[in-house]
Amino acid sequence: PWFRDVAVWVHQAKTKEALPVLMDTAIRQAYAKKGPAVLVIPKDFGWQEIEDNYRVSASNHVADNYAAPTAESIEAATKLIKEAKNPVVYFGLGASAAADELKEFADKFKMPMMSSYLGKGIVEDSFKPYLGTIGRIGGKAPNEVQGHTDLVVWVGNNSPFSVLWFPKNAKVIQIDVDPEKQGKRHSVDVSILADAKKSLRALIDAGEAREESPLYKAALADREEWDAWTASFADDHLKDEGRVRQEPIWDVINKEAADNAVFAIDVGNVNMDHARLLNMNGKQRWTTSGLYATMGYGSPAAIAAATAMPDREVWHLAGDGGFAMMSQELLTLARYNMHVLTVV
């Protein structure tokens, strides 16, 4: 019962013979439902022998092939885009395979972009229409711009905090493959139950290019102001004031991290700094405890990343609290000679 609220599948093995099929089922459930699957194994099963006669079909696994949007939904969405005065794009983790389409869409229709925290890194931070993440750990520009929109193109996003953003009378075009997510965080005017990549491509092909709106120009200026303000602290460590701000530290990480680096982010103020100050390039990847905000997540996440992707540079970024909770994992990193860069 401990895991019921956090896992897509939970089961406890009752016999040793059931372990292979249950493990196979757990993996299938995790892939199918895109979440953690938990198999509880009694400790005495660990040294018991069973026959090696179970056959798996993991090699036959194929990637999801989600539906394309209907012509009716694309027509309705295109009409709203044409009529809108101040549209924006709000995307999340569900748009992870649609980075190119997101950028082309924003550029053609001149829409400022913002994302949930988990959407960070899909579009590179250097892409000017991308204002950054929205919310209390987000940046200045997206939080200011969101209150002035009259249309939100909502792509692959189910962030619980979304109920707090955007004007109540703003129209919404929501793109999601899951019907349960449609309208869950905001009333929806056009629902596109389809793949994000295919839907954005259909909208790009069907719609007419827009001119830059006053909000679009203001959004880009707001972002430039924010970038200049954070950059003004880059040399703060050279001042003899007995302390160093976080900006110079993240500036070094931005300069030194590999183009395909993986970042294991702990929980705390480090999430705020990561959202605002780490300039990701679209090739880099990152992970954190996005839903339950579990402190101490960074160390085991870094170990997992180094194990799964030994050819990539791994950074473990943590605050003092989260690091202290799992600092003993430094012994694991040393024991297995894992190349993980830890910054506290």
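For our numbering, add 1344 to where a residue sits in the sequence shown, where the first one is 1.
By construction, the Cβ of each residue, glycine as well, lies at the ideal position given by its N, Cα and C atoms.
I believe residue i touches residue j by the beta-carbon criterion, under 8 Å. Please report the beta-carbon distance rounded to the nearest angstrom.
{"i": "I1536", "j": "A1421", "result": "6 Å"}
{"i": "T1732", "j": "V1611", "result": "Nothing about residue 1732 can be read from this structure; the chain reaches only from 1345 to 1688."}
{"i": "G1479", "j": "R1620", "result": "Going by Cβ atoms, the distance from G1479 to R1620 rounds to 11 Å, so no, they are not a contact pair."}
{"i": "P1558", "j": "F1577", "result": "Contact flag wrong, Cβ pair sits at about 30 Å."}
{"i": "A1550", "j": "I1418", "result": "5 Å"}
With a Cβ-Cβ cutoff of 8 Å, do residue i and residue j count as a contact?
{"i": "D1566", "j": "A1485", "result": "yes"}
{"i": "L1424", "j": "V1534", "result": "yes"}
{"i": "R1656", "j": "V1687", "result": "no"}
{"i": "K1429", "j": "Y1560", "result": "no"}
{"i": "S1543", "j": "P1413", "result": "yes"}
{"i": "E1468", "j": "G1626", "result": "yes"}
{"i": "R1685", "j": "I1609", "result": "According to the sequence displayed, residue 1685 carries Leu and not Arg. It is not a contact, given that the beta carbons lie outside the stated cut-off."}
{"i": "V1432", "j": "V1496", "result": "yes"}
{"i": "N1598", "j": "L1622", "result": "yes"}
{"i": "G1640", "j": "M1616", "result": "no"}
{"i": "A1370", "j": "L1363", "result": "no"}
{"i": "G1476", "j": "M1458", "result": "yes"}
{"i": "L1462", "j": "G1634", "result": "yes"}
{"i": "W1353", "j": "A1381", "result": "yes"}
{"i": "A1650", "j": "M1624", "result": "no"}
{"i": "T1493", "j": "F1510", "result": "yes"}
State buried or exposed for residue i, treating a residue as buried only when at least 16 other CB atoms are found within 10 Å of its CB.
{"i": "V1390", "result": "It is Gly, not Val, that sits at residue 1390 in the sequence shown. It counts as exposed."}
{"i": "H1618", "result": "buried"}
{"i": "N1397", "result": "exposed"}
{"i": "K1464", "result": "buried"}
{"i": "V1516", "result": "buried"}
{"i": "Y1434", "result": "buried"}
{"i": "P1456", "result": "buried"}
{"i": "G1379", "result": "exposed"}
{"i": "L1547", "result": "buried"}
By DSSP, does residue i sit in helix, in strand, or in coil?
{"i": "D1617", "result": "helix"}
{"i": "V1432", "result": "strand"}
{"i": "H1660", "result": "strand"}
{"i": "L1719", "result": "Residue 1719 falls outside the range modelled here, since the chain spans only 1345 to 1688, and no answer is possible."}
{"i": "Y1641", "result": "coil"}
{"i": "H1405", "result": "coil"}
{"i": "R1554", "result": "coil"}
{"i": "D1396", "result": "coil"}
{"i": "F1510", "result": "coil"}
{"i": "L1685", "result": "strand"}
{"i": "Q1373", "result": "helix"}
So, is the C-beta of residue i closer than 8 Å to a C-beta in chain D?
{"i": "K1358", "result": "In the structure shown, chain D does not exist; there is a single protein chain."}
Kindly confirm or deny that the stretch 1469–1477 and the stretch 1639–1646 touch, where touching means at least three C-beta pairs closer than 8 Å. no
If we count Cβ pairs, one from each stretch, closer than 8 Å, do we get three or more for the stretch 1399–1413 versus the stretch 1487–1499? no
The stretch 1538–1552 in contact with the stretch 1439–1455 per 3-pair CB rule at 8 Å: yes
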